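Structure record follows, encoded as structure tokens.
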Ligand code: BV8
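In this note's numbering, the protein residues as written are 2 to 287.
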């Protein structure tokens with residue numbers, strides 16, 4: 002093993018920005034709310050929603066992630082999700098996922114709580130403590146019953162599936178009547194258990210997030226790899242700022258201005274997060 006491979010990777014963060022941010026991490030009883038988007042998984046090879054890879058077969062992901070789209074063409078929507086399940090299962094968590102997971106382990110769910118918009122399962126596979134992360138938009142690897150656009154919550158059947166065993170090819174011949182029926186009520190269709198546009202988000206968890214912010218005290222919203230276009234996820238940085246907290250943004254684009262950030266780290270989340278969260282992960286900032 003050559004000496005060079007033992008050396009830490011070259012720093013990606015400007016030293017003065019990093020030292021200012023890491024000084025703030027040492028604020029006694031600081032609490033951090035992390036809001037994660039598709040950019041965290043980009044280094045794992047998963048395309049983002051609005052980036053170059055955001056289109057799929059001339060469809061826009063935003064048009065397919067709705068109950069109306071599923072009601073109109075369940076085969077097309079299932080193909081979109083099967084393709085994403087397959088690529089997610091074939092991908093590996095990256096150092097950004099691990100940095101967030103290790104920091105959550107160190108500080109615990111009360112002081113380091115992650116809200117992820119991602120449904121790819123990579124945070125879970127990085128060992129992110131389950132009680133310290135909220136999968137706001139659901140998970141690709143979970144299924145539920147769907148009746149129709151009006152009653153899309155179906156009969157309540159839900160099942161976790163972590164293997165690629167849903168019999169729906171993302172290419173080739175497949176007819177509407179082949180879309181799996183709900184095994185419980187036999188009436189509804191099986192759909193991905195994700196929150197589509199226009200569908201409500203877990204009210205209890207939304208209240209929990211507002212209570213977390215209302216606790217006050219020193220707070221930081223760490224916004225990682227999201228274009229900040231989807232609500233309510235996009236609203237937390239402002240809420241924390243209004244409550245007297247600070248905001249740090251990690252994005253491959255300079256989104257600091259958009260978020261009126263106190264720190265804007267421009268770079269790959271897979272490289273930036275392990276570097277800036279080092280004081281938490283190695284126990285210096287307890
Ligand atoms: C709801 C699951 C009640 C499925 C998704 C208030 C104002 C305006 C509109 C609304 C509002 N409140 C509610 C709405 C309506 C709607 C909404 O927000 N619409 C938007 C488009 C205007 N919200 C809802 O419907 C939500 N429900 O609020 O219910 C209600 C309902 C109707 C009306 C009022 C109230 C439900 C939203 C959930 C939708 N489901 N996903 C699936 O995944 O298939 S959202 C989808 O977009 C994904 O979850 C995705 O994560 C999310 C956000 O996208 P991003 O993650 O930000 O990804 P994007 O590609 O956009 O950006 C990537 C970023 O990463 C970029 O900044 C890029 O620069 C950066 N990047 C790239 N590479 C890297 C990187 N950064 C770091 N490192 C890298 N290597």
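Ideal placement from N, C-alpha and C gives every residue a C-beta, glycine not left out. Just so you know, these numbers come straight off a predicted model, no measurement behind them.
Beta-bridge partners of residue i, as assigned by DSSP
i	result
residue 143	161
residue 266	251
residue 113	33
residue 182	190
residue 134	115
Cut-off 7 Å between Cβ atoms - residues of its own chain near residue i, not counting five sequence neighbours on either side
i	result
residue 269	44 and 253
residue 126	94
residue 26	280, 281 and 286
residue 1	The first residue shown for the chain is 2 and the last is 287, placing residue 1 beyond what the model contains.
residue 202	137, 196 and 233
residue 75	177, 180 and 190
residue 262	248, 249 and 250
Straight-line Cα distance separating residue j from residue i
i	j	result
residue 98	residue 128	9 Å
residue 68	residue 160	19 Å
residue 166	residue 86	10 Å
residue 240	residue 22	20 Å
residue 200	residue 194	11 Å
residue 257	residue 37	15 Å
residue 96	residue 105	14 Å
residue 276	residue 242	24 Å
residue 135	residue 40	17 Å
residue 248	residue 185	45 Å
residue 66	residue 192	11 Å
Contact set for residue i: own chain, Cβ-Cβ below 8 Å, skip 5 residues either direction
i	result
residue 245	217 and 220
residue 211	240
Same chain, Cβ closer than 6 Å to residue i, neighbours up to 5 away in sequence not counted
i	result
residue 46	92
residue 283	none
residue 138	118, 120, 195 and 196
How about the stretch 69-81 and the stretch 122-137: do they share at least three Cβ pairs that are nearer than 8 Å? The answer is no - the stretch 122-137 does not touch the stretch 69-81, with fewer than three Cβ pairs under 8 Å.
Taking the runs of the alpha helix (DSSP H) that are 4 residues or longer, which of them lie wholly in the stretch 57-96? Segments of the alpha helix (DSSP H) lying fully in the stretch 57-96: 62-65, 68-73 and 75-91.
Go through the stretch 188-224 residue by residue and report every complete run of the alpha helix (DSSP H) that reaches 4 residues or more, in order. Counting only unbroken stretches of 4 or more residues, the alpha helix (DSSP H) elements lying wholly within the stretch 188-224 are 204-215, in sequence order.
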